[in-house]
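Worksheet: the structure to be examined is printed underneath.
Numbering (this note's numbering), first residue to last: -1 to 203.
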């Protein structure tokens, strides 16, 4: 489990095609805390570390495999490029501070940035999910995960949501670099999905 508090901006050093997808090598100081089999959130996708090594500039790196299914259903295909920056968060340990909200690393859908605009010292980003039906799990002032970042929804309509990004988020995550047309990973609050199933007896799928 994660909480949506990004711990580092990693750099994709290499991308190797495999039979089932791709293998990423990502440079980050966090790699020193990973062992094969550990989970790590990469742009909001829960991946499993399969190896570690020293980067060329002395920064440690880890490797993780991304299946073709994940490449199709998430925005990781856009990040699977050498030099790309990615949001990273280690799995939450018992006793850690719970800084964001419950994040599973299971991307529900992708969305597209449709607008960004300044708002005082912050920046407002409007995002349209590929499936607007996903928004039934989203409420104003509720939580949503965007590319692995726990954020508060500042406005919502039938086809889009808006979030406000403070300077800290703009500087320390990839969201400071997004613009209109860019894809992002979306994960809604899992508690909303559990409530729906309890009330209707059906999964959303």
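No residue lacks a Cβ here, since even glycine has one placed at the ideal position from N, Cα and C. From a predicted model like this one, the values you see are computed outputs, not experimental measurements.
Residue interval of the beta strand (DSSP E) (run including residue i)
i           : result
residue 114 : 107 to 117
residue 4   : Neither: residue 4 is in no beta strand (DSSP E) and is coded neither H nor E.
residue 134 : Element bounds for residue 134: n/a, residue is neither H nor E.
residue 154 : 147 to 154
residue 144 : 141 to 144
N- and C-terminal bounds of the alpha helix (DSSP H) containing residue i
i           : result
residue 84  : First-last for residue 84: 83 to 88, but that is the beta strand (DSSP E), not the alpha helix (DSSP H).
residue 170 : 165 to 170
residue 76  : 74 to 77
Residue i (DSSP reduced to helix, strand or coil)
i           : result
residue 66  : helix
residue 126 : strand
residue 188 : helix
residue 176 : coil
residue 21  : strand
residue 13  : strand
residue 160 : strand
residue 193 : helix
residue 95  : coil
Among the options, the one whose alpha carbon lies nearest that of residue i
i           : options               : result
residue 158 : 58, 183 and 109       : 109
residue 111 : 198, 56 and 73        : 73
residue 42  : 194, 190, 117 and 184 : 184
residue 93  : 79, 188, 1 and 196    : 1
residue 32  : 18, 16, 49 and 22     : 49
residue 58  : 9, 153 and 77         : 9
residue 14  : 154, 80 and 135       : 80
residue 189 : 165, 162, 87 and 136  : 136
residue 75  : 25, 175 and 145       : 145
residue 65  : 23, 195, 18 and 45    : 18
residue 115 : 7, 132, 175 and 198   : 175
residue 82  : 40, 133, 148 and 151  : 40
residue 4   : 192, 197, 154 and 171 : 171
residue 149 : 166, 177 and 30       : 166
residue 46  : 7, 71, 12 and 86      : 86
residue 141 : 22, 178 and 101       : 101
Residue-level contact to chain D via CB, residue i, 7 Å cutoff
i          : result
residue 21 : In the displayed structure, chain D is absent; only one protein chain is listed.
Those runs of the beta strand (DSSP E) which lie wholly inside the segment 23 to 52 and span at least 3 residues: Whole beta strand (DSSP E) segments, 3+ residues: 37 to 40 and 43 to 52.
Contact between the segment 155 to 172 and the segment 126 to 134 (3+ Cβ pairs under 8 Å): With the cut-off at 8 Å, the segment 155 to 172 and the segment 126 to 134 touch.
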